[in-house]
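A.B. asks: The structure follows.
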Amino acid sequence: MGDCEFLKTLSFWDKLSKEEKDYILNNCFFKKYEKGTIISRSGEECLGMFIIKSGQIRIYMISEEGREITLFRLNPGDICVFSASCLLESITFEVIIEIAEKMEAYLIPSSVLNNIVKKNPYVELFLAKITNKRFSDVMWTMQQILFMSVDKRIAVFLCNEYKKQNKSTIIYTHDEIARLIGTAREVVTRVLKYFVAENIIKLSRGKIEITNIEKLESFCD
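Mapping of the sequence shown onto this note's numbering: residues -18 to 202, in sequence order.
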């Protein structure tokens, strides 16, 4: 177990009794995971709810053709409830949860959550709101895959990373981008080469340098 004081920032915390607060604090864990670790698959161990302190989680599914489709990614401050799918009747499809960047997080085990949910409706409402938000993220991803051209999806991805990291050099391989946006590596390479020809980006091994953000953003419209 570790210092779980961070849990006091959760929106339902003030709605808990002293006994419930102590129960959670005494039964939570501080976890560390290396990049590439698979922490959960549907149908396997139901770990509980993660609150990310640092790093990143990727939630994805695999198509019948074996292609990975990233549904969404979670960053510091985000909460992962898909790792507590046994408590959520609405999650009936198979997903895989992978550590995308070395992660530190707080874990409230499913058994602890289940005991609290039975007694406190505010916690159940909190879980429902988080789940609904994640389903909105999934729907946005599916809309992108179904209705947005690949060059636009790649442009949106690069623009989002540019804004999130606040720097022009983005460290991703073509294969990583393909897995994150749900397409083939060859397609990503072809589009990136087109962006190079248009003087929008420069490519080097494992890196993409954005040289014309305004022109790249025009592909996002």
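All C-beta atoms in this analysis are idealised placements derived from N, C-alpha and C, irrespective of residue type, glycine included.
None of these values were measured; they are calculated from a predicted model.
Can you round the beta-carbon distance between T154 and G187 to whole angstroms, since I take them to be within the 8 Å contact cut?
C.D. replies: The residue labelled residue 154 in the question sits at position 173 within the sequence shown. The residue labelled residue 187 in the question sits at position 206 within the sequence shown. Indeed they touch by this definition, with Cβ atoms about 5 Å apart.
A.B. asks: Does the Cβ of L127 have 16 or more other Cβ atoms within 10 Å, making it buried, or fewer, making it exposed?
C.D. replies: On the sequence shown, residue 127 is found 146 positions in, with the first residue counted as 1. Exposed, because fewer than 16 other Cβ atoms sit within 10 Å of the Cβ of L127.
A.B. asks: Check S185 in the structure and name its three-state DSSP category.
C.D. replies: On the sequence shown, position 204 is the one that residue 185 refers to. In the structure shown, S185 sits in a strand (DSSP, three-state: E or B).
A.B. asks: Within a Cβ cutoff of 6 Å, which residues of the same chain sit near Q125, ignoring the five residues on either side of it in sequence?
C.D. replies: Taking the first residue of the sequence shown as 1, we reach residue 125 at position 144. Closer than 6 Å at the Cβ level, and outside the excluded window around Q125, lie R134.
A.B. asks: In three-state terms, what does DSSP make of C61?
C.D. replies: In the sequence shown, residue 61 corresponds to position 80, counting from 1. Three-state DSSP puts C61 in a strand.
A.B. asks: P102 to E79, Cα distance in whole Å?
C.D. replies: What you label residue 102 is simply residue 121 of the sequence shown in a count that begins at 1. What you label residue 79 is simply residue 98 of the sequence shown in a count that begins at 1. If I take the Cα positions, the gap works out to 30 Å.
A.B. asks: Is it buried or exposed for T(-10), if we count other Cβ within 10 angstroms and need 16 for buried?
C.D. replies: On the sequence shown, residue -10 is found 9 positions in, with the first residue counted as 1. Label assigned to T(-10): exposed.
A.B. asks: Pull up the CB-CB distance for L52 and V131, whole angstroms please, since I reckon it's below 8 Å.
C.D. replies: Here residue 52 is taken as the residue at index 71 of the sequence shown, counted from 1. Here residue 131 is taken as the residue at index 150 of the sequence shown, counted from 1. About 18 Å; that fails the 8 Å criterion.
A.B. asks: Going by CA-CA distance only, name the one from S185, N95 and L197 that's closest to K144.
C.D. replies: The count along the sequence shown starts at 1 and reaches residue 144 at position 163. Measuring from the Cα of K144, the nearest candidate turns out to be L197.
A.B. asks: Pair every Cβ in the stretch 36 to 52 with every Cβ in the stretch -10 to 10, then say whether three or more of these pairs are closer than 8 Å.
C.D. replies: No, the stretch 36 to 52 does not touch the stretch -10 to 10.
A.B. asks: Looking only at C-alpha atoms, which of K83, N8, W(-6) and S21 sits nearest to K34?
C.D. replies: Position 53 of the sequence shown holds residue 34. That would be K83, whose Cα lies nearest to the Cα of K34.
A.B. asks: Can you tell me whether R160 is buried or exposed, with buried defined as 16 or more other CB within 10 angstroms of its CB?
C.D. replies: Within the sequence shown, numbered from 1, the residue matching residue 160 stands at position 179. Buried, since its Cβ has 16 or more Cβ neighbours within 10 Å.
A.B. asks: Check the DSSP bridge columns for P90 and list the partner residues they point to.
C.D. replies: On the sequence shown, residue 90 is found 109 positions in, with the first residue counted as 1. Answer is G29.
A.B. asks: Smallest Cα separation from L55: which of I111, I89 and E49?
C.D. replies: Numbered from its first residue, the sequence shown carries residue 55 at position 74. Per the Cα distances, I111.
A.B. asks: So, for F(-13): in the same chain, excluding its five sequence neighbours on each side, which residues have a beta-carbon less than 7 Å away from its beta-carbon?
C.D. replies: The sequence position of residue -13 within the sequence shown is 6, counting from 1. Here the set comprises I32, K34 and Y87.
A.B. asks: Once the 5 residues before and after Y41 are set aside, which same chain residues still bring their CB inside 8 Å of it?
C.D. replies: By one-based count along the sequence shown, residue 41 stands at place 60. Same-chain partners within the cutoff: E49, I50, T51, L52, V76, I77, E79 and R160.
A.B. asks: Looking at the secondary structure, which residues open and close the beta strand (DSSP E) in which T51 lies?
C.D. replies: In the sequence shown, counting from the first residue as 1, residue 51 sits at position 70. Looking at the DSSP string, the run of the beta strand (DSSP E) that includes T51 is E49 to L55.
A.B. asks: Measuring CB to CB, does E105 end up less than 7 Å from S149?
C.D. replies: Here residue 105 refers to the residue found at position 124 of the sequence shown. Here residue 149 refers to the residue found at position 168 of the sequence shown. Going by C-beta atoms, E105 is not nearer than 7 Å to S149.
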